[in-house]
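Undergrad:
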Amino acid sequence: MRVEKPLFLLDYDGTLAPIAPRPEEAFPHPGALEVLRALMVRYPLYVITGRRVEDLARLLPLPGLRVVGGHGLEEGEIGGESHPLFPVDLGPLRRVLPSCPGVWVEDKGFALAFHYRGAEDEERARACLEVWLAAHEDLLRGLGLEVLPGKKVLEVKPKGASKGQAALRLWARYPGHTPIYIGDDATDETAFQVLKGKGLTFKVGPGPTLAEGRLEDVEAVLTYLKSYL
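By our numbering, the letter at position 15 of the sequence shown is numbered 77, and the numbering carries on one by one without gaps.
The following block contains the structure:
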């Protein structure tokens, strides 16, 4: 299915790049850069990701590519500046980080992501994280933070930001355009929910979803995007 005036809102990991054991190893599909470069000169396009804008720039070296980072916590573009939208002091939380076997912490500046992908016992690692989070529930609440579950990661971030909120904010800038949101993660479900019946939404891969369409994998995503070129 195609629309005449699309606004592309694209997740990165699992959508434009195969899932990798560590974030820095998630290189884009070999054809992704060429497709994105061609789409950018024809249509409004944003990548909406849990990554920081500066981290995504190392993987997607496309100057001028507009990015919403941190699940809606910052906005900027590759090769330019980025701006935090929900400033928060994570210092108190950094002083009480958990010691869970197999868990490593990604400090994004505006959020902390606790990855347990690849842990020797992933269920035990997640359980350890959940115990730590429960023990520091008052601290999280006092700092205005919430927990966002993802694919083998628990992210602690400021409340009030989501990919759904970001999608609506961006759509408001382009009257007359139809949003096309493509993503694979639980964090994309807020966008699928708010855009239901308003645009085209695609879940990448298997699993329950609020998206109204489905694409099998990253290769299928690129095939769909190429249909607009």
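C-beta: ideal position from N, C-alpha, C; glycine also.
Based on DSSP bridge pairs, tell me the residues matched to Leu71.
TA: Mapped onto the sequence shown, residue 71 falls at position 9. DSSP, once it has assigned bridges, lists Tyr108 and Tyr243 as partnering Leu71.
Undergrad: Enumerate in chain order the residues of its own chain whose CB-to-CB distance from Lys219 is below 6 Å, with the five nearest sequence positions on each side excluded.
TA: By 1-based counting over the sequence shown, the position of residue 219 is 157. Once the five neighbours on either side are set aside, the close Cβ partners of Lys219 are Ala173 and Leu210.
Undergrad: Tell me the DSSP secondary structure of Ala88 in three-state form.
TA: Locating residue 88 in the sequence shown gives position 26, where the first residue counts as 1. In the structure shown, Ala88 sits in coil (DSSP, three-state: anything other than H, G, I, E or B).
Undergrad: Identify the continuous beta strand (DSSP E) that holds Glu139 and give its terminal residues.
TA: For the purposes of this step, residue 139 is taken as residue 77 along the sequence shown, with counting starting at 1. Glu136 to Glu139 is the extent of the beta strand (DSSP E) around Glu139.
Undergrad: May I ask which residues mark the beginning and end of the beta strand (DSSP E) holding Pro285?
TA: What you label residue 285 is simply residue 223 of the sequence shown in a count that begins at 1. It is worth fixing the name first, because residue 285 is Thr in this sequence and not Pro. Unbroken run through Thr285 is the alpha helix (DSSP H), Val280 to Lys288; no beta strand (DSSP E).
Undergrad: Quick check: what's the CA-CA separation for Lys214 versus Val109?
TA: Numbered from 1 along the sequence shown, position 152 holds the residue referred to as residue 214. Numbered from 1 along the sequence shown, position 47 holds the residue referred to as residue 109. If I take the Cα positions, the gap works out to 21 Å.
Undergrad: Which two residues bound the contiguous beta strand (DSSP E) that contains Ala175?
TA: The residue labelled residue 175 in the question sits at position 113 within the sequence shown. Note, Ala175: beta strand (DSSP E), Leu174 to His177.
Undergrad: Mind reading off the beta-carbon distance from Leu95 to Leu124? Whole number of angstroms is fine, and I expect it under 8 Å.
TA: The residue given as residue 95 occupies position 33 in the sequence shown. The residue given as residue 124 occupies position 62 in the sequence shown. Contact holds; Cβ gap of about 6 Å.
Undergrad: Quick one, are the C-beta atoms of Tyr236 and Leu257 less than 8 Å apart?
TA: Taking the first residue of the sequence shown as 1, we reach residue 236 at position 174. Taking the first residue of the sequence shown as 1, we reach residue 257 at position 195. For Tyr236 and Leu257, no; Cβs fall outside 8 Å.
Undergrad: So which of Leu159, Ala223 and Pro149 has the shortest CA-CA distance to Cys190?
TA: One-based indexing of the sequence shown puts residue 190 at position 128. With distances taken between Cα atoms, Cys190 lies closest to Leu159.
Undergrad: Are the region 138-153 and the region 219-233 touching by the rule of at least three beta carbon pairs closer than 8 Å?
TA: Yes, since at least three Cβ pairs between the region 138-153 and the region 219-233 fall closer than 8 Å, the two stretches touch.
Undergrad: How long is the line joining the alpha carbons of Glu208 and Pro268, rounded to whole angstroms?
TA: Locating residue 208 in the sequence shown gives position 146, counting from the first residue. Locating residue 268 in the sequence shown gives position 206, counting from the first residue. About 27 Å.
Undergrad: In three-state terms, what does DSSP make of Phe148?
TA: Within the sequence shown, residue 148 is the residue found at index 86, counting from 1. In the structure shown, Phe148 sits in coil (DSSP, three-state: anything other than H, G, I, E or B).
Undergrad: Glu192 to Thr263, Cα distance in whole Å?
TA: Numbered from its first residue, the sequence shown carries residue 192 at position 130. Numbered from its first residue, the sequence shown carries residue 263 at position 201. Cα-Cα distance, rounded: 31 Å.
Undergrad: If you draw a straight line from the C-alpha of Asp183 to the C-alpha of His198, how long is it?
TA: Here residue 183 corresponds to residue number 121 of the sequence shown, with the count starting at 1. Here residue 198 corresponds to residue number 136 of the sequence shown, with the count starting at 1. The alpha-carbon atoms of Asp183 and His198 are separated by roughly 23 Å.
Undergrad: Please go through the same chain and pick out, in chain order, the residues whose beta-carbon is closer than 8 Å to the beta-carbon of Ser144, but skip the five residues on each side of it.
TA: On the sequence shown, position 82 is the one that residue 144 refers to. Closer than 8 Å at Cβ, skipping near neighbours: Arg114, Val115, Glu116, Val129, Gly131, Glu136, Glu137 and Gly138.
Undergrad: Using a Cβ-Cβ cut-off of 6 Å (strictly less than) and excluding sequence neighbours within five positions of Glu274, which residues of its own chain qualify?
TA: As a working note, residue 274 is residue 212 in the sequence shown. Hits under 6 Å: Thr263.
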